[in-house]
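Be aware that the sequence shown starts at 23, since it is given in our numbering, and climbs by one per residue. Right, one structure below, let's go through it.
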Amino acid sequence: MAVREERRNLLDEDNSLSSPVRDDSGTARPMAAICDPSRIHHRIVVLMFMCFLGFGSYFCYDNPAALQTQVLQDMNLNTSKFMQLYAWYSWPNVVLCFLGGFLLDRVFGIRLGTVIFSLFVCVGQVIFAAGAFFNAFWLMALGRFVFGIGGESLAVAQNTYAVNWFKGKEVNLVFGLQLSMARLGSTVNMNIMGWVYNRIQDLMGHAGHTTLGVTLLIASSTCIFSLLCALVLGYLDKRAERLLNKEQGKTGEVIKLTDVKDFSLSLWLIFIICVAYYVAIFPFIGLGQVFFIEKFNFSPTQARAVNSIVYIISAPASPVLGFLVDKTGRNLIWVLCAVVTTLASHMMLAFTFWNPWIAMCLLGVSYSLLACALWPMVAFVVPEHQLGTAYGFMQSIQNLGLALIAMAAGAILDNRGYLFLEVFFCACICMALIAIVMLYFVNYLRGGELNLSASARAKLQKSSSSDSE
Numbered sequence: 023m024a025v026r027e028e029r030r031n032l033l034d035e036d037n038s039l040s041s042p043v044r045d046d047s048g049t050a051r052p053m054a055a056i057c058d059p060s061r062i063h064h065r066i067v068v069l070m071f072m073c074f075l076g077f078g079s080y081f082c083y084d085n086p087a088a089l090q091t092q093v094l095q096d097m098n099l100n101t102s103k104f105m106q107l108y109a110w111y112s113w114p115n116v117v118l119c120f121l122g123g124f125l126l127d128r129v130f131g132i133r134l135g136t137v138i139f140s141l142f143v144c145v146g147q148v149i150f151a152a153g154a155f156f157n158a159f160w161l162m163a164l165g166r167f168v169f170g171i172g173g174e175s176l177a178v179a180q181n182t183y184a185v186n187w188f189k190g191k192e193v194n195l196v197f198g199l200q201l202s203m204a205r206l207g208s209t210v211n212m213n214i215m216g217w218v219y220n221r222i223q224d225l226m227g228h229a230g231h232t233t234l235g236v237t238l239l240i241a242s243s244t245c246i247f248s249l250l251c252a253l254v255l256g257y258l259d260k261r262a263e264r265l266l267n268k269e270q271g272k273t274g275e276v277i278k279l280t281d282v283k284d285f286s287l288s289l290w291l292i293f294i295i296c297v298a299y300y301v302a303i304f305p306f307i308g309l310g311q312v313f314f315i316e317k318f319n320f321s322p323t324q325a326r327a328v329n330s331i332v333y334i335i336s337a338p339a340s341p342v343l344g345f346l347v348d349k350t351g352r353n354l355i356w357v358l359c360a361v362v363t364t365l366a367s368h369m370m371l372a373f374t375f376w377n378p379w380i381a382m383c384l385l386g387v388s389y390s391l392l393a394c395a396l397w398p399m400v401a402f403v404v405p406e407h408q409l410g411t412a413y414g415f416m417q418s419i420q421n422l423g424l425a426l427i428a429m430a431a432g433a434i435l436d437n438r439g440y441l442f443l444e445v446f447f448c449a450c451i452c453m454a455l456i457a458i459v460m461l462y463f464v465n466y467l468r469g470g471e472l473n474l475s476a477s478a479r480a481k482l483q484k485s486s487s488s489d490s491e
């Protein structure tokens, strides 16, 4: 009860210009609103650093995609080796999805853990840049591996800070703002890195792996900026703990691998949908720049712009579509719509020469819609005490699928070309579609809880709460 009261004190707003807070000597004194951790003004400042905490990670994640042409040429790589840069990012997260929350809660604490994972992101990006500078692909792969160790766990830390500071009516808005900032980082990366490379090339007088290395090193400045945000957040959180006597945030993730044996068929079908869908999105974006140049005769600038439209649309669309799904329910129908629309987008890109902006805009909307409708369904089929394990396992197999399909996509492109690769992505989406149809029938036989309307679900939850009391 004491902890709950302290958190409520942190979240409550006061209409006065200042509120009494005890200083180090224990004396109550007025404090300006922007400096008072119990006030909304101070939390807005915290939110700014919170949003920028993951900016560098998301900015640098798609550096290979933004510089696909340059990486292939300067490092003398085939597509298969190029896609290993994405696979090496995913490999550590096959395991860290289970361990990240534990390390943050039990070993480091949220403040130190956030700084440590931010350091991994910074060091990984610098190693990645050094690999390009010295023309050593193995060093680039090592850099992506180290970068991956920090990237996903940093996102967990960011969400933990959000819940700790904004738990209540503001938290959904905060999560939406964080997601928008993440997509902004990816979008800026896609559209600016080619320009940065060209400016470095002009200064150095030639292209090549040294130019690529300098460009990637410049990109690492965004990771350093995020590290500074982690340090400031740690200070502000420690200060709030001291002034308000509140506890340090926890991820709330409870991982028990023994729970896997209790997972239902519905949950396994959700896992299949997740993996089969996302492997047709991220590897495609990783290879998209050259695809648009070769098939549609786009300039590199045009290719980068159309390749980034998925992230551009996702930034504003995710909060709006999330609100829509919350208000209507019918998660299965929304997931079905997202998958069918994605399949149509890939088929348009594969078999027509229509303006690719149409297909990519559809892909951006459907990608955002699926994320809003699919991930919450896990909570509908899993008991609360197994949620941490279920989400950890879902992220783990997603990263495993991304690592394997990234390498497979590179090999397919080297040997068969873009048309065969698009057919392969369509096949992955069809697998997700089959899983949705199966999930629909399984859900129908078990009472239809996954496809309830929002009002029906609210009544069911109210009834369950009454029964438990």
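All C-beta atoms, glycine included, are put in the ideal place defined by N, C-alpha and C.
Kindly indicate which three-state DSSP category G344 falls into: helix, strand or coil?
G344 falls in the helix class under three-state DSSP.
Compare the C-alpha of A327 against each of A88, C57, F81, F77 and name the closest.
Closest option to A327, Cα to Cα, is A88.
Local Cβ density within 10 Å of M105, reported as buried at 16 or more and exposed below that:
When all chains shown are included, M105 counts as buried.
Can you tell me which residues form a DSSP beta bridge with G351?
Paired residues: S475.
How would you label F81, buried or exposed, when you count the other beta carbons within 10 angstroms and need 16 or more for buried?
A residue is called buried when at least 16 other Cβ atoms come within 10 angstroms of its Cβ; F81 meets this threshold and is buried.
From S202 to I331, what does the alpha carbon distance come to, in whole angstroms?
Straight-line Cα distance between these residues: approximately 13 Å.
Determine the burial state of Y83: buried for a count of at least 16 other Cβ atoms within 10 Å of its Cβ, exposed for fewer.
Classification for Y83: buried.
For D46, count the other beta carbons within 10 Å of its own beta carbon; 16 or more makes it buried, fewer makes it exposed. Which is it?
Because the pLDDT at D46 is just 47, under 50, the model does not fix this residue reliably, and the value given afterwards should be weighed accordingly. It counts as exposed.
Given that a residue counts as buried once 16 or more other Cβ atoms are within 10 Å of its Cβ, and exposed if not, what is D284?
The residue is exposed, with fewer than 16 neighbouring Cβ atoms inside 10 Å.
Got a sec? Which residues, its chain only, sit under 6 Å from T363 by beta carbon, not counting five neighbours each side?
Excluding sequence positions up to five before and after T363, its CB lies within less than 6 Å of the CB of L384, S388, all in the same chain and listed in chain order.
Is E174 buried or exposed, if buried means 16 or more other CB atoms sit within 10 Å of its CB?
By the neighbour-count definition (other C-beta atoms within 10 Å, threshold 16), E174 is a buried residue.
Where the alpha helix (DSSP H) through S243 begins and ends
Its alpha helix (DSSP H) spans residues 231-266.
Kindly provide the ranges of any beta strand (DSSP E) runs that are 3 or more residues long and lie completely inside the stretch 409-433, ordered along the chain.
Taken in chain order, no unbroken stretch of beta strand (DSSP E) lies wholly in the stretch 409-433 with a span of 3 residues or more.
Sorted by chain position, which residues of the same chain lie with C-beta nearer than 7 Å to S140's C-beta, five sequence neighbours on each side aside?
Counting only Cβ-Cβ distances below 7 Å, and skipping sequence neighbours, we find G172, L176, S248, L249, A252.
Taking the beta carbon of N100 as the centre, do at least 16 other beta carbons fall within 10 Å, making it buried, or is it exposed?
With fewer than 16 other CB atoms across the displayed protein chains lying within 10 angstroms of its CB, N100 is exposed.
Return yes when the Cβ of A154 is within less than 9 Å of the Cβ of L238, no when it is not.
Yes, these two residues count as a Cβ contact at 9 Å.
With 16 other Cβ atoms within 10 Å as the buried cut-off, status of P405
With fewer than 16 Cβ atoms within 10 Å of its Cβ, P405 is classed as exposed.
DSSP state of D46, grouped into three classes?
Its pLDDT being 47, under 50, D46 is placed unreliably in this model, and the value from its coordinates should be taken loosely. Here D46 sits in coil by DSSP.
Taking one C-beta from the stretch 160-171 and one from the stretch 109-120 each time, how about it: are there three or more such pairs within less than 8 Å?
By the C-beta criterion, the stretch 160-171 is judged to be in contact with the stretch 109-120, since at least 3 inter-stretch pairs fall below 8 Å.
Quick one: what's got a C-beta closer than 7 Å to S38's C-beta in the same chain, skipping five residues either side?
Reliability of the predicted coordinates at S38 is poor, the pLDDT of 36 falling under 50, and the value obtained from them is presented with this limitation in mind. If we look at S38 and ignore the five residues flanking it on each side, it has no Cβ neighbours.
Taking the beta carbon of R261 as the centre, do at least 16 other beta carbons fall within 10 Å, making it buried, or is it exposed?
Its Cβ having fewer than 16 others within 10 Å, R261 is exposed.
Quick one, are the C-beta atoms of V282 and F415 less than 9 Å apart?
For V282 and F415, yes; Cβs fall inside 9 Å.
Within the same chain, show all residues whose beta-carbon is closer than 6 Å to that of F446, passing over the 5 residues directly before and after it, in chain order.
The answer, listed in chain order, is I434.
8 Å contact criterion, which L396 and I295 should meet: CB distance rounded:
That pair is a contact at about 6 Å.
In this structure, does DSSP put W379 in helix, strand or coil?
Note: W379 maps to helix in three-state DSSP.
Determine, using beta carbons only, whether W187 and R65 come nearer to each other than 9 Å.
The Cβ atoms of W187 and R65 sit closer than 9 Å to each other.
State buried or exposed for N211, treating a residue as buried only when at least 16 other CB atoms are found within 10 Å of its CB.
The residue in question, N211, is buried, as its Cβ has 16 or more Cβ neighbours within 10 Å.
Mind pulling the alpha helix (DSSP H) runs of 4 or more residues that sit fully within the stretch 148-175?
Within the stretch 148-175, complete alpha helix (DSSP H) segments of at least 4 residues are not found at all.
For L69, report the span of its alpha helix (DSSP H) as first-last.
Counting along the chain, the alpha helix (DSSP H) containing L69 begins and ends at 62-74.
Can at least three beta-carbon pairs, one atom from the stretch 436-444 and one from the stretch 308-323, be found at a separation below 8 Å?
Yes, the stretch 436-444 touches the stretch 308-323.
Measuring straight from C-alpha to C-alpha, what distance separates V403 and I292?
I292 has its alpha-carbon roughly 10 Å from the corresponding atom of V403.
Terminal residues of the continuous alpha helix (DSSP H) containing L469?
First, the residue type needs correcting, since residue 469 is Gly and not Leu in the sequence shown. Looking at the DSSP string, G469 is not in any alpha helix (DSSP H), and its letter there is neither H nor E.
Does the beta-carbon of G122 have 16 or more other beta-carbons within 10 angstroms, so that it is buried, or is it exposed?
With at least 16 other beta carbons inside 10 angstroms of its own, G122 counts as buried.
Rounded to whole angstroms, how far is the Cβ of L343 from the Cβ of N473, which I believe are closer than 8 Å?
Actually they do not touch by this definition, with Cβ atoms about 17 Å apart.
What separation, rounded to the nearest whole angstrom, lies between the Cα atoms of Y219 and L94?
Straight across, the Cα-Cα distance linking Y219 with L94 is about 14 Å.
V196 and L69 closer than 9 Å at C-beta:
If you check the CB distance, V196 and L69 come in under 9 Å.
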